[in-house]
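Trainee: Have a look at the structure that comes next, please.
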Amino acid sequence: MSSTPAIKPSALQADNKKAPVSTSMPEHISLDKWADAGFEWSGEVEPNSFDRLAATLSTEHEQSKTQLDAHLYRRNNVLHLAFTLTGEVWLTCQRCLQPVAIDLSDDYDVALLENDSQVRSVNEEQDYLLLDEVVTEQSPERLLPFKKLVEDEILLKTPMAPKHDDCEMSVEQFGEIPEEEESENPFAALASLKGKL
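Residue numbering for the sequence shown is 59 to 255, as defined by the numbering used here.
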């Protein structure tokens, strides 16, 4: 009998699937733990789980989950939060007051800078934030507000006044519109006197 333990294939190798990191979207990412090692999260997110976004969502249409694939990584000594959103949200059209679908599908990439000197390390088109402004909670470890940053980007993607491309403005009338009474023109009396004086 051999003293070497038998190597069993892991469930990941057997199923050839990626194991989920977590079933629910994390509120924060520990920078002390993951800034250098990198962090990945994938899953479906309910649009109503974002507090500020939920206030703008249409209540007349069922919201479907959006797919989120996020990756925290370091490139050229600059920390980046990149994520891909796939899905849509339903807002209220400001013309007809009916639900309108807003597509959120896009790739997002935000550079997280330690200080202003790192601005030279990112492209001019690159969105960036200073970590000191983002990591504001006082705790023993530096926590990146992951969920809040994703929600910020979603809110920037959604229009302030959503509307269908082709719809008429909704006008509701309550009661009868009173007919205007014909009133006598005050200058008509002066016109009649013009020839007499």
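Don't be surprised by glycine CBs; every beta carbon is placed ideally from N, CA and C.
1) Given 8 Å as the limit, is there contact between the region 118 to 130 and the region 213 to 225, that is, 3 or more CB pairs closer than that?
2) For residue 68, collect the residues of the same chain with a Cβ closer than 6 Å to its Cβ; drop the 5 residues on either side in sequence, then sort them by chain order.
3) To the nearest angstrom, report how far apart residue 250 and residue 237 are at their CA atoms.
4) So residue 141 and residue 159 are in contact, right, with Cβ under 8 Å, and what is the actual spacing, rounded?
5) Jot down the residue ranges of each uninterrupted beta strand (DSSP E) in the region 128 to 184, minimum 3 residues, whole runs only, in chain order.
6) Round the Cβ separation of residue 200 and residue 89 to the nearest angstrom and send it over; I've been treating them as touching at under 8 Å.
7) Is it buried or exposed, residue 172, if we count other Cβ atoms within 10 angstroms and call 16 or more buried?
8) For residue 189 versus residue 170, is the C-beta spacing smaller than 7 Å?
9) Can you tell me whether residue 103 is helix, strand or coil according to DSSP?
10) Between residue 242 and residue 111, is the Cβ-Cβ spacing less than 7 Å?
11) Can you check DSSP and say which residues form a bridge with residue 124?
12) State buried or exposed for residue 245, treating a residue as buried only when at least 16 other CB atoms are found within 10 Å of its CB.
13) Since residue 161 and residue 146 should fall inside the 8 Å C-beta cutoff, what is the C-beta to C-beta distance between them, to a whole number of angstroms?
14) Within the same chain, show all residues whose beta-carbon is closer than 6 Å to that of residue 150, passing over the 5 residues directly before and after it, in chain order.
15) In the DSSP output, what is residue 87 paired with across the bridge?
16) Give me the Cα-Cα distance between residue 197 and residue 167, rounded to the nearest whole angstrom.
17) Pull up the CB-CB distance for residue 103 and residue 123, whole angstroms please, since I reckon it's below 8 Å.
18) Should residue 79 be labelled buried (16 or more other beta-carbon atoms within 10 Å of its own) or exposed?
19) Would you identify the three-state DSSP class for residue 209, choosing helix, strand or coil?
20) So, helix, strand or coil for residue 108, using DSSP?
Mentor: A quick look at the data gives this:
1) No: the two stretches stay apart, fewer than three of their Cβ pairs being nearer than 8 Å.
2) Low confidence applies to residue 68: its pLDDT is 33, below 50, so where it sits in the model is not reliable, and the reading given next is rough at best. Close CB contacts of residue 68 within its chain, under the 6 Å cut and outside five residues either way in sequence, are absent.
3) Between the alpha carbons of residue 250 and residue 237 lies a distance of about 28 Å.
4) Rounded, the Cβ-Cβ distance is 21 Å, inconsistent with contact.
5) Qualifying beta strand (DSSP E) stretches, in chain order: 136 to 144, 146 to 150, 157 to 161 and 164 to 171.
6) Residue 200 to residue 89, Cβ: 4 Å. Contact.
7) Exposed, by the Cβ-count rule.
8) In this structure, residue 189 lies near residue 170, with their beta-carbon atoms less than 7 Å apart.
9) Strand, per DSSP.
10) No; because the gap between Cβ atoms is not below 7 Å, this pair is not in contact.
11) Residue 124 pairs with 103.
12) With fewer than 16 other beta carbons inside 10 angstroms of its own, residue 245 counts as exposed.
13) That belief holds up - the Cβ atoms of residue 161 and residue 146 are roughly 5 Å apart, short of 8 Å.
14) Only 116 meet the Cβ criterion.
15) Bridge partners of residue 87: 202.
16) Inter-residue distance for residue 197 and residue 167 is about 26 Å (C-alpha atoms, whole angstroms).
17) The beta-carbon distance between residue 103 and residue 123, rounded to whole angstroms, is 6 Å. This is short enough to meet the 8 Å contact definition.
18) Confidence at residue 79 is low in this model, with a pLDDT of 46, below 50, so its placement is unreliable and no value can be given for it.
19) Helix, per DSSP.
20) Here residue 108 sits in coil by DSSP.
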